[in-house]
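Take a look at the structure set out below.
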Amino acid sequence: MPAQRIAAIFAAQPMLAHLGISLGEVAPGRCALHLPRRPALTQQNGFLHAGALTTLADTACGFAAYTLMPEGANVLTAEFKLNLLRPADGDAMARAEVIRAGKLLSVARADIFCTGPQGERLCATMTATLVCQPG
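Using UniProt numbering, read the sequence shown as starting at 1 and increasing by one per residue.
What follows is the structure, encoded as structure tokens:
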């Protein structure tokens with residue numbers, strides 16, 4: 001899938017710009033996204049809010065699945081499960097990969113790493129089911 005197509009679809013999602021999410025490496029079945037920590041995205045203890053982390057992981061899973069879908073298709077999330085493993089105390093990076101790509105449903109996993117005072121640490125992991133909508 002051409003990188004320009006992914007970049008165009010990424011740019012067409014205002015929510016991502018609002019949160020400050022940026023597109024990282026994209027390859028077939030894989031996607032990385034970055035979310036810088038800023039006060040507007042934190043909860044009462046100063047950690048990145050779970051809602052921001054959920055958006056980051058869901059979007060990374062969706063783009064990873066989208067890279068394997070046919071031209072003209074759209075991707076939608078059917079369901080996901082997020083495990084929060086430790087407080088997100090710094091910038092966040094989601095690295096997603098497709099576990100199984102089907103004609104209609106795909107399953108992807110995203111790990112969220114946060115870079116804080118103790119270096120890069122795994123903070124959360126998501127498993128998502130994505131739907132391919134033919135174009």
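Here a beta-carbon is modelled for each residue, glycine too, at the ideal position from N, C-alpha and C. Because the structure is a prediction, the values reported are computed rather than measured.
Q. Straight-line CA distance for residue 74 to residue 106?
A. In the sequence shown, the residue the question calls residue 74 occupies position 74. In the sequence shown, the residue the question calls residue 106 occupies position 106. Cα-Cα distance, rounded: 12 Å.
Q.
Could you check whether residue 110 and residue 138 sit closer than 7 Å to each other, using their CB atoms as the reference points?
A. Residue 138 cannot be examined here, being either before or after the span of the chain that is shown, 1 to 135.
**Q.** Own chain, CB closer than 7 Å to residue 18, minus 5 neighbours either side, in chain order
**A.** On the sequence shown, position 18 is the one that residue 18 refers to. Cβ within range, chain order: n/a, list empty.
Q | Proximity winner among 116, 45, 67, 77, relative to residue 54 (alpha-carbon distances) | A | The sequence position of residue 54 within the sequence shown is 54, counting from 1. Per the Cα distances, 77.
Q) Where residue 100 and residue 58 are concerned, what is the direct C-alpha to C-alpha distance, given to the nearest angstrom? A) Against the sequence shown, residue 100 aligns to sequence position 100. Against the sequence shown, residue 58 aligns to sequence position 58. Whole-angstrom Cα-Cα distance: 16 Å.
**Q.** Simplified DSSP state of residue 73, which is helix, strand or coil
**A.** Counting from one through the sequence shown, the residue named residue 73 turns up at place 73. Correct three-state label for residue 73: coil.
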